[in-house]
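I have placed the structure first, in the form of structure tokens, so that the comments after it can refer back to it.
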Amino acid sequence: MKTKSPLQDFTYQEIMRQQAGWEKALDHLAANAGELGEFIDRFRDHVWVFSGCGTSYYLAQTASFTFQYLAGVRSKAVPASEILMYPEVIFNGTEKYLLLPISRSGTTSEIVKAAQIVRDKLKISTLAISCNPLSPLSQESDHRLTFPFEKERSVVMTSSFTTMLLALFQLAATMANDEKLIGQLRQVPEISSGILKKNETLIRQIAANGISKDFVFLGQGPMLGIANEAALKMQEMTISVSHGYHALEYRHGPMSTAAKQTLMIILCCEPARIYEEPLAKDLKSLGAKVLVIHDGQSGIFSRHADYEVITGGGINDALKPLLYMPLLQLLAYYHALSKGINPDQPKNLSQVVELNI
Ligand code: F1P
Numbered sequence: 141m142k143t144k145s146p147l148q149d150f151t152y153q154e155i156m157r158q159q160a161g162w163e164k165a166l167d168h169l170a171a172n173a174g175e176l177g178e179f180i181d182r183f184r185d186h187v188w189v190f191s192g193c194g195t196s197y198y199l200a201q202t203a204s205f206t207f208q209y210l211a212g213v214r215s216k217a218v219p220a221s222e223i224l225m226y227p228e229v230i231f232n233g234t235e236k237y238l239l240l241p242i243s244r245s246g247t248t249s250e251i252v253k254a255a256q257i258v259r260d261k262l263k264i265s266t267l268a269i270s271c272n273p274l275s276p277l278s279q280e281s282d283h284r285l286t287f288p289f290e291k292e293r294s295v296v297m298t299s300s301f302t303t304m305l306l307a308l309f310q311l312a313a314t315m316a317n318d319e320k321l322i323g324q325l326r327q328v329p330e331i332s333s334g335i336l337k338k339n340e341t342l343i344r345q346i347a348a349n350g351i352s353k354d355f356v357f358l359g360q361g362p363m364l365g366i367a368n369e370a371a372l373k374m375q376e377m378t379i380s381v382s383h384g385y386h387a388l389e390y391r392h393g394p395m396s397t398a399a400k401q402t403l404m405i406i407l408c409c410e411p412a413r414i415y416e417e418p419l420a421k422d423l424k425s426l427g428a429k430v431l432v433i434h435d436g437q438s439g440i441f442s443r444h445a446d447y448e449v450i451t452g453g454g455i456n457d458a459l460k461p462l463l464y465m466p467l468l469q470l471l472a473y474y475h476a477l478s479k480g481i482n483p484d485q486p487k488n489l490s491q492v493v494e495l496n497i
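In this note's numbering, the protein residues as written are 141 to 497.
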């Protein structure tokens, strides 16, 4: 049988080329630093509400955490549908708010309508985060964060997720006025490329180990949105049972579903170090396979993990989602191939959900 080369897949190409796109996005954002600074000064004391659907909602979760963590901004993340149904709960009138609607396409019905309601009825300012600056969402917003982006052909979001996240990290680091962090962000594309190249064979082996059929992604703080997004990637690309949780929440019930065919993926962050090592040990004792992704400074996992990816030290926890996410996208991609599924044609999905609302 003739096997398809990965190079023929849009999904593969888009995963592998993303770091080159980040470089261009960072150049553009650096050239517009003055404008970003003015925006930040105007909205620093507002509550920042990040929103989106699907992948863009999980992006909102990590972004919301990061703005609080790095810049002390009060923030929250909500799916766009919650704004449609409970606007008065999310924007309760006691605070000044900024809405950040996030969408690759800028045409997803729920987020476009949510942004319209917030801007027109609630008179709250909006800052659109989209890969398409000409989309209705971007055009109708009061403000937009723009960056160059090579359009994705894949249905599932890969480079769009990380590039929008990168742009938000740049904004958060600027807001924190943290030159060291801005310097680290500039190094992230090269570091991420290196990690991806070094670990591609291992990731392909894990994805096709013939044992792991269900997937659990565990992460705290900045990693929760990444865990949820990785679980979604696995569902979309491979039609597998897959979930994301706060790492320690997994002990409180979901653990009952762990089995030999479960692959547990622990996405480490610094403060969780003392908890994640015993977690890996306990998960391993349940018979599950365990993959730990960490920076090499956060504990000794080799005794408890079947697989380990070490990303290297010196990068702030807040930026690690950009190091971890491409690996997780690749894991889903190779698992799809191992099941004979074409990741370019996910079941029941389209690039954009358009509703008559
Ligand atoms: C959001 C989204 C995707 C998902 C799907 C449909 O799109 O939910 O996350 O993969 O196929 O659309 P967008 O609003 O970011 O364009």
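Here a beta-carbon is modelled for each residue, glycine too, at the ideal position from N, C-alpha and C.
Rounding to the nearest angstrom, what Cα-Cα distance links N317 and W162 in this structure?
Straight-line Cα distance between these residues: approximately 21 Å.
Distance cut-off 8 Å: S243 Cβ against heavy atoms of the ligand F1P
yes
Any non-hydrogen atom of the ligand F1P closer than 8 Å to V493 Cβ:
Under cutoff, so the answer is yes.
Spell out a yes or no on whether the region 162-172 and the region 285-292 are touching, meaning 3 or more CB-CB pairs, one atom from each, closer than 8 Å.
yes
Any heavy atom of the ligand F1P closer than 8 Å to the beta-carbon of E163?
no
Thinking C-beta only, is K216 closer than 9 Å to P362?
no
Within the chosen definition, does the region 371-379 reach the region 321-333 through at least 3 CB pairs nearer than 8 Å?
No, because fewer than three Cβ pairs between the region 371-379 and the region 321-333 fall closer than 8 Å, the two stretches do not touch.
Which residues share a DSSP beta bridge with W188?
S215 and L238
Within this structure, are the beta carbons of L463 and I455 separated by less than 9 Å?
yes
Between which two residues does the alpha helix (DSSP H) holding H444 run?
Annotation for H444: no alpha helix (DSSP H) segment contains it, and DSSP assigns it neither H nor E.
Buried or exposed: where does K373 fall if 16 or more other Cβ atoms within 10 Å of its Cβ makes it buried?
buried
Going by the DSSP bridge assignment, what does L407 pair with across the sheet?
G359 and I433
Is S281 near L262, with beta carbons less than 9 Å apart?
When the beta-carbon positions are compared, S281 and L262 stay at least 9 Å from each other.
Residue closest to G334, alpha-carbon to alpha-carbon, out of T397, V449 and C408:
V449
Pick helix, strand or coil for K142, following the three-state DSSP scheme.
Unreliable positioning characterises K142 in this predicted model, as indicated by a pLDDT of 43, which lies under 50. The coordinate reading is nonetheless provided below. It is coil, neither helix nor strand.
Exposure of P486, with buried meaning 16 or more beta-carbon neighbours within 10 Å:
It counts as buried.
If you follow the alpha helix (DSSP H) that R326 is part of, which residue opens it and which one closes it?
E319 to A347
The beta strand (DSSP E) spanning H383 covers which residue range?
Residues S382 to Y385.
Between T211 and A312, is the Cβ-Cβ spacing less than 9 Å?
Note that residue 211 is Ala in the sequence shown, not Thr. Contact: yes.
Start-end ranges of the alpha helix (DSSP H) lying completely within the region 241-314, minimum 4 residues
Within the region 241-314, the complete alpha helix (DSSP H) runs of at least 4 residues are 249-256 and 276-280.
Using a Cβ-Cβ cutoff of less than 8 Å, which residues in the same chain neighbour L321 once the five nearest sequence positions on both sides are dropped?
L210, A313, N456, A458 and L459
Would DSSP call D149 helix, strand or coil?
coil
A254: buried (16+ other C-beta within 10 angstroms of its C-beta) or exposed?
By the neighbour-count criterion, in which 16 or more other beta carbons inside 10 Å mark a residue as buried, A254 falls on the buried side.
Would you mind working out which of S478, F207 and Y198 sits nearest F183, comparing C-alpha positions?
The option with the nearest alpha carbon to F183 is F207.
I379 beta carbon near the ligand F1P (any heavy atom closer than 8 Å)
For the ligand F1P, not one heavy atom lies less than 8 Å from the Cβ of I379.
Under a Cβ-count criterion, where at least 16 other Cβ atoms within 10 Å of its own Cβ denotes burial, should S396 be classed as buried or exposed?
exposed
Where Q159 falls, given that 16 or more other Cβ within 10 Å makes a residue buried:
buried
Residue range of the unbroken alpha helix (DSSP H) whose run includes R465
Checking the displayed sequence, the identity of residue 465 turns out to be Met instead of Arg. Unbroken alpha helix (DSSP H) run through M465: P461 to S478.
Rounded to whole angstroms, what's the CA-CA distance from M141 to A420? Just pull it up for me.
Note on M141: pLDDT 38, under 50, position unreliable in the model; the coordinate value appears next. If I take the Cα positions, the gap works out to 39 Å.
Where do the ends of the alpha helix (DSSP H) carrying K421 lie?
R413 to S425
Could you check the C-alpha separation between E340 and E154 for me, to the nearest Å?
Looking at the two C-alpha atoms, the distance is approximately 15 Å.
What is the DSSP secondary structure of D484, reduced to helix, strand or coil?
coil
Between G365 and the ligand F1P, is there a pair consisting of the residue's CB and a ligand heavy atom that are separated by less than 8 Å?
No.
Let me check one thing: in DSSP terms, what residues is I450 bridge-paired to?
H434
Along the chain, where does the alpha helix (DSSP H) that runs through S221 open and close?
Residues A220 to M225.
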